[in-house]
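Peer 1: The structure's right below; bear with me while I get my questions together.
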Amino acid sequence: MSQGQWYPPEWPDRIRALAAGELTAVTPRRAATVMLLRDPGPQAATPGPVVHMLRRRTSMAFAGGAYAYPGGGVDPRDDDRLIGWAGPPLEHWADRLGVATVTEAQAVVCAAVRETFEEAGVLLAGPTATTVVGDTTGDDWEADREALVARDLSFAEFLDRRGLVLRSDLLGAWARWITPEFEPRRYDTWFFVAALPEGQRTRDVSTEADRTVWIAPAEAARRYDAGELLMMPPTVTTLRALAPYRTAAEALEAADVQDMAPVLAQARLEGDELVLTWPGHDEFTKHVPAAGGGGGAA
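Each residue of the sequence shown is one higher than the one before, starting from 174 at the first, in the numbering used here.
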């Protein structure tokens, strides 16, 4: 059994309440997260790209202390109006993301790009369909980033004001995971992959994180297995999937063939024992005795 899995101690009681009809599942909120990759220099200890990860503050209500990628919820305003767009058309994205409308697709992709800027200072946008902005560390950029975080500025307004188009071609959709029905905070999260644009660098600016790292996916997964890094199942799964690729560009190209079928945890009772599974991901199966238990990391 993996030793770094984020596993809240209240899950067994909530699962039993849901099975007994005493708990109503909340509707998951749409969200997006980005696995931002960077090719290492020639002196790197290991081959292949490294991925940018944040450690969520232990005070966070959801997955406190766990390592994750930059990401967050969709801003409803991102559905409201069409924005400057480069790359595959919205119809392609709606089909790839499995959503019903082009406005939903735009909102999810906007969330991915906006959250990467908000939490890492990296912006996947440019003045034209073939360019991307350079250094985003200036005071004026920081003021806009903070306004986006505070929701004083919508992402569409931000792009319009700066004359930028969103570079959707710099993103690849990789996976989709939905928070289990027994969780009080639920997210329908699309995972994307992207390469760090030339001239930009990540910054430790997220108010939800207390640490950031660039780490090889295989090394992060190894440290999870050793119980050194706490993570949720989708994070571990995507790290393992990224490990074989030799460059960020190679991983981005591979995004087109990744399975986007939603992954949703299932819980069942076998006698007095509760069994928690993630279909297609047997390593995360949990067997919880009748007395409860389970603990934080399992």
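Ideal Cβ positions, reconstructed from N, Cα and C, are used throughout, including at glycine.
#1: Output the distance between the C-alpha atoms of P462 and R413, rounded to the nearest integer angstrom.
#2: So A329 and I256 are supposed to be a Cβ contact under 8 Å. How far apart are they, rounded?
#3: Specify whether the segment 307 to 315 and the segment 257 to 266 touch according to this definition: at least 3 beta carbon pairs, one from each stretch, less than 8 Å apart.
#4: What are the partner residues of W258, as DSSP defines its beta bridges?
#5: What first and last residue would you give for the beta strand (DSSP E) that runs through L227?
#6: Could you tell me the alpha carbon to alpha carbon distance between G299 and L339, rounded to whole angstroms?
#7: What do you get for P452, buried or exposed, if any count of 16 or more other CB atoms within 10 angstroms of its CB means buried?
#8: Taking C-alpha atoms, which residue in P201, A205, P213 lies nearest to R419?
#9: Taking the C-alpha atoms as reference points, what is the distance between G244 and A204?
#10: Tell me whether V199 is buried or exposed, calling it buried when 16 or more other Cβ atoms sit within 10 Å of its Cβ.
#11: What beta strand (DSSP E) runs, 3 residues minimum, are completely inside the segment 391 to 461?
#12: Using the C-alpha atoms, what's the distance from P185 back to V386?
#13: Can you name the start and end residues of the beta strand (DSSP E) that R349 belongs to?
#14: Tell me the rounded alpha-carbon separation between E456 and D325.
#15: Looking only at C-alpha atoms, which of A424, E195, A267 sits nearest to V281?
#16: Please look up how many angstroms separate the CB atoms of Y240 and L402, rounded, as I've assumed it's under 8 Å.
#17: Could you check what DSSP says for V207 in three-state terms: helix, strand or coil?
#18: Roughly how many whole angstroms lie between the Cα atoms of I348 and A391?
#19: Return yes when the Cβ of L297 is within less than 8 Å of the Cβ of V366, no when it is not.
#20: Is any beta-carbon of chain B found at less than 8 Å from that of L402?
#21: Could you please give the first and the last residue of the uninterrupted beta strand (DSSP E) stretch that includes A368?
#22: Kindly indicate which residue of W350, G336, E354 has the alpha-carbon position closest to the one of T408.
#23: Quick check on V295: buried or exposed, where buried means 16 or more other Cβ atoms within 10 Å of its Cβ?
#24: Starting from G244 and walking both ways along the beta strand (DSSP E), at which residues does that stretch end?
#25: Taking its Cβ as the centre, do 16 or more other Cβ atoms sit within 10 Å of A438, making it buried, or is it exposed?
#26: Would you list the one or two residues that DSSP bridges to A387?
#27: Run through DSSP, which three-state label would R376 get?
#28: Hey, M208 and F355 are a contact pair by Cβ (cut 8 Å); roughly how many whole angstroms apart?
Peer 2: Reading from the atomic positions:
#1: 29 Å
#2: 5 Å
#3: no
#4: L339
#5: 223 to 229
#6: 7 Å
#7: exposed
#8: P213
#9: 7 Å
#10: exposed
#11: 439 to 443, 446 to 450, 459 to 461
#12: 32 Å
#13: 344 to 351
#14: 42 Å
#15: A267
#16: 5 Å
#17: strand
#18: First, the residue type needs correcting, since residue 348 is Ala and not Ile in the sequence shown. If you take the alpha carbons of A348 and A391, they lie about 18 Å apart.
#19: no
#20: Absent from the structure is chain B; it holds one protein chain and no more.
#21: 360 to 368
#22: W350
#23: buried
#24: 244 to 246
#25: buried
#26: A small fix is needed here, since residue 387 is Trp in this sequence, not Ala. H225.
#27: coil
#28: Contact doesn't hold; Cβ gap of about 27 Å is too wide.
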